[in-house]
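Q:
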Amino acid sequence: MMRTDWLINRSLLSVYKQVNVNSELINVLIVDDNKNEDEFFNIKNEVNKLRKLLNLSALDFSTEIIRNTGVKFNSGTGAWNTGIRNTYTSFKNGFISILDDDDEYLPNHLSNCISEIDNNTLAVFQWLEWRNQDGSTMNFPLNLEKLTPKHFFVGNPGVQGSNMFFKTEALIAINGFDETLPNTTDRDLMIRFLWNNESSQIKVIGNVGVLHYNHKQAKVNNTIFLKQQGLDLFYQKYTTHFSKEAYIKSLTRAKNYFSYTPIEER
Numbered sequence: 008m009m010r011t012d013w014l015i016n017r018s019l020l021s022v023y024k025q026v027n028v029n030s031e032l033i034n035v036l037i038v039d040d041n042k043n044e045d046e047f048f049n050i051k052n053e054v055n056k057l058r059k060l061l062n063l064s065a066l067d068f069s070t071e072i073i074r075n076t077g078v079k080f081n082s083g084t085g086a087w088n089t090g091i092r093n094t095y096t097s098f099k100n101g102f103i104s105i106l107d108d109d110d111e112y113l114p115n116h117l118s119n120c121i122s123e124i125d126n127n128t129l130a131v132f133q134w135l136e137w138r139n140q141d142g143s144t145m146n147f148p149l150n151l152e153k154l155t156p157k158h159f160f161v162g163n164p165g166v167q168g169s170n171m172f173f174k175t176e177a178l179i180a181i182n183g184f185d186e187t188l189p190n191t192t193d194r195d196l197m198i199r200f201l202w203n204n205e206s207s208q209i210k211v212i213g214n215v216g217v218l219h220y221n222h223k224q225a226k227v228n229n230t231i232f233l234k235q236q237g238l239d240l241f242y243q244k245y246t247t248h249f250s251k252e253a254y255i256k257s258l259t260r261a262k263n264y265f266s267y268t269p270i271e272e273r
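Numbering (this note's numbering), first residue to last: 8 to 273.
Pasting the structure below:
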C-alpha cells in the first residue's frame, strides 16, 4: 500500500535518522488504523526490514506496533489517542511527538524540541513546511503571539499533529483529541490546551523542523462533505465562546478555503 510505503520509507525513516539524541531514550509506537487487517503484519515485516537495513539494535529507537483501540477510520484522532494513552501508561513523565505517514521530521527536529524542555515546559512547536505536488511550498512562521484560542478559532496559524511535541500528561489532562470530529481536530485540541495552560509553559522554535507532503490521495480534508460536517461540529462546540467578529473571520476563511456554508445559511 502507498500509505505503508510512506510510513516506512519516509516518516519512520526520518525518526530513525534523528541526530543529537540518545536513541535508547526515544521509544517509537506505530498505531495501525488500516481497514485491511493483513496490513498490520505487513507493517511489522517492513519495520523489521528497515531496522535491519539500518543496523539498529533492539534498544535503538525501540519500536512497537499496535492496533488502534479508539474510533477507527474517522480521522487520526483514534490512533493518536491510542498512542497517547499507551505512552502515558509506560512513561508518565515523558513527552510525546506525533508523526503522520504523509509527514517527516528534519534530522534535528527531536533534538531541537528536547533542548527546549525545562521544568515548566508542557509543549514545544517547531515550524511546519508544506510541500505541494506541483513543487511549491508553504511555510507557517509560528510564534507565541499566534498561540491563542482566538487564533485557532479563526483558523490554524501553523500547528498540526506532526509538529506537536507535548508533555504527555498535558494531553491526558485535556482528554486528548476529540474523536467525534472528522477534521478541525488540531484546532480543537489547541483551543482546549491553551485554555488550560499558560504561554510561559510553551516554546516555539523559529525554523522549519517538519515537512508535510500535501498529497491528493483520499483524506478527510479532501472530502467536502466531511469537511462541512467537521466544521459544523466545530462551530457548534465553540461559537458561543468567541466574539461575533471572530466568528465572521472564521466563517470567511472557511468559505474561502473549503467552500463551507454555515448551517444558518442552508
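Ideal Cβ positions, reconstructed from N, Cα and C, are used throughout, including at glycine. Remember, it's a predicted structure, so these values are computed and weren't measured experimentally.
DSSP beta-bridge partners for leucine 178?
A: Residue mapping note: residue 178 aligns to position 171 of the sequence shown, counting from 1. Leucine 178 pairs with nothing; no bridge assigned.
Q: Give the range of the beta strand (DSSP E) segment to which glycine 165 is assigned.
A: Stepping through the sequence shown from its first residue, residue 165 is reached at position 158. Segment: none, glycine 165 is in no beta strand (DSSP E) and carries neither H nor E.
Q: In terms of residues, what are the limits of the alpha helix (DSSP H) holding glutamate 252?
A: Here residue 252 is taken as the residue at index 245 of the sequence shown, counted from 1. Segment 251–265, the alpha helix (DSSP H) holding glutamate 252.
Q: If you reduce the DSSP assignment to three classes, tell me which class phenylalanine 68 lands in.
A: As a position in the sequence shown, residue 68 is number 61, starting the count at 1. If DSSP states are grouped into helix, strand and coil, phenylalanine 68 belongs with coil.
Q: Exposed or buried, glutamate 44, counting other C-beta atoms within 10 Å across all chains shown (16 or more means buried)?
A: One-based indexing of the sequence shown puts residue 44 at position 37. Label assigned to glutamate 44: exposed.
Q: When burial is assigned at 16 or more other CB atoms within 10 Å of the CB, is proline 148 buried or exposed?
A: Counting from 1 along the sequence shown, the entry for residue 148 is found at position 141. Proline 148 is exposed by the Cβ-count criterion.
Q: Using only alpha-carbon positions, find the residue among Ile231, Lys244, Ser250 and Thr247 that is nearest to phenylalanine 265.
A: Within the sequence shown, residue 265 is the residue found at index 258, counting from 1. It is Ile231.
Q: Return the first residue and the last residue of the beta strand (DSSP E) that glutamate 136 is part of.
A: As a first step, residue 136 must be located in the sequence shown, where it is residue number 129. Unbroken beta strand (DSSP E) run through glutamate 136: 130–139.
Q: If you reduce the DSSP assignment to three classes, tell me which class threonine 155 lands in.
A: Indexing the sequence shown from 1 puts residue 155 at position 148. In this structure, threonine 155 counts as coil in the three-state DSSP scheme.
Q: Could you pull out every unbroken beta strand (DSSP E) segment of at least 3 residues lying fully inside the region 66–101, listed in chain order?
A: Counting only runs of 3 or more, we get 70–74.
Q: Quick check: what's the CA-CA separation for threonine 128 versus isoleucine 209?
A: Here residue 128 is taken as the residue at index 121 of the sequence shown, counted from 1. Here residue 209 is taken as the residue at index 202 of the sequence shown, counted from 1. Roughly 6 angstroms between the two C-alpha positions.
Q: Going along the chain, which residues of its own chain have a beta-carbon closer than 7 angstroms to the beta-carbon of lysine 79, five neighbours each way excluded?
A: To locate residue 79, count along the sequence shown from 1; it is residue 72. Excluding positions up to five away in sequence, the list reads Asp40 and Gly85.
Q: Comparing alpha-carbon positions, which option in His248, Met145, Ile37 and Glu71 lies nearest leucine 218?
A: For the purposes of this step, residue 218 is taken as residue 211 along the sequence shown, with counting starting at 1. Comparing Cα positions, the closest option is Met145.
Q: Taking the beta carbon of histidine 248 as the centre, do at least 16 other beta carbons fall within 10 Å, making it buried, or is it exposed?
A: As a first step, residue 248 must be located in the sequence shown, where it is residue number 241. Flag for histidine 248 reads exposed.
Q: Using C-beta distances below 6 angstroms, list every residue in its chain close to glutamate 186, excluding the 5 sequence neighbours before and after it, in chain order.
A: Translated into positions along the sequence shown, residue 186 becomes position 179. Cβ neighbours of glutamate 186 beyond the five flanking positions: Gly77, Val78, Thr84 and Gly85.
Q: Where leucine 113 and isoleucine 270 are concerned, what is the direct C-alpha to C-alpha distance, given to the nearest angstrom?
A: As a working note, residue 113 is residue 106 in the sequence shown. As a working note, residue 270 is residue 263 in the sequence shown. Cα to Cα, the separation comes out at about 41 angstroms.
Q: Could you check what DSSP says for threonine 247 in three-state terms: helix, strand or coil?
A: Here residue 247 refers to the residue found at position 240 of the sequence shown. Three-state DSSP puts threonine 247 in a helix.
Q: What are the partner residues of isoleucine 103, as DSSP defines its beta bridges?
A: If you number the sequence shown from 1, residue 103 lands on position 96. Phe173, per the DSSP bridge assignment.
Q: So, is alanine 261 buried or exposed, given that buried needs 16 or more other C-beta atoms within 10 angstroms?
A: Within the sequence shown, the letter at position 254 stands for residue 261. So alanine 261 counts as buried.
Q: Quick check on the burial criterion: 16 or more other C-beta atoms within 10 angstroms. Buried or exposed for isoleucine 255?
A: In the sequence shown, residue 255 corresponds to position 248, counting from 1. So isoleucine 255 ends up on the exposed side.
Q: Among the residues of its own chain, which have a CB less than 6 angstroms from the CB of threonine 192, if the five just before and after it don't count?
A: As a position in the sequence shown, residue 192 is number 185, starting the count at 1. Same-chain partners within the cutoff: Ser82, Thr84 and Phe184.
Q: Under 8 angstroms between C-beta atoms, does threonine 89 make it to chain B?
A: Here chain B cannot be found, since the structure has a single protein chain.
Q: Name, in chain order, the residues that DSSP records as bridge partners for methionine 145.
A: By 1-based counting over the sequence shown, the position of residue 145 is 138. Looking at the DSSP assignment, methionine 145 forms a beta bridge with Trp137.
Q: Can the beta-carbon of phenylalanine 102 be found closer than 8 angstroms to that of isoleucine 72?
A: Locating residue 102 in the sequence shown gives position 95, counting from the first residue. Locating residue 72 in the sequence shown gives position 65, counting from the first residue. Contact flag unset, no.
Q: Please find out if some non-hydrogen atom of the ligand NAP comes closer than 7 angstroms to the beta-carbon of lysine 99.
A: Among the components of this structure there are no ligands whatsoever, and the ligand NAP is therefore not found.
Q: Is isoleucine 198 near phenylalanine 173, with beta carbons less than 8 angstroms apart?
A: On the sequence shown, position 191 is the one that residue 198 refers to. On the sequence shown, position 166 is the one that residue 173 refers to. No; because the gap between Cβ atoms is not below 8 angstroms, this pair is not in contact.
Q: Between the C-alpha atoms of glycine 168 and alanine 65, what's the straight-line distance to the nearest angstrom?
A: If you number the sequence shown from 1, residue 168 lands on position 161. If you number the sequence shown from 1, residue 65 lands on position 58. Answer to the nearest angstrom: the Cα atoms are 27 angstroms apart.
Q: Grab the span of the beta strand (DSSP E) containing histidine 219 for me, first residue to last.
A: Residue mapping note: residue 219 aligns to position 212 of the sequence shown, counting from 1. Run containing histidine 219: 209–221, per the beta strand (DSSP E) assignment.
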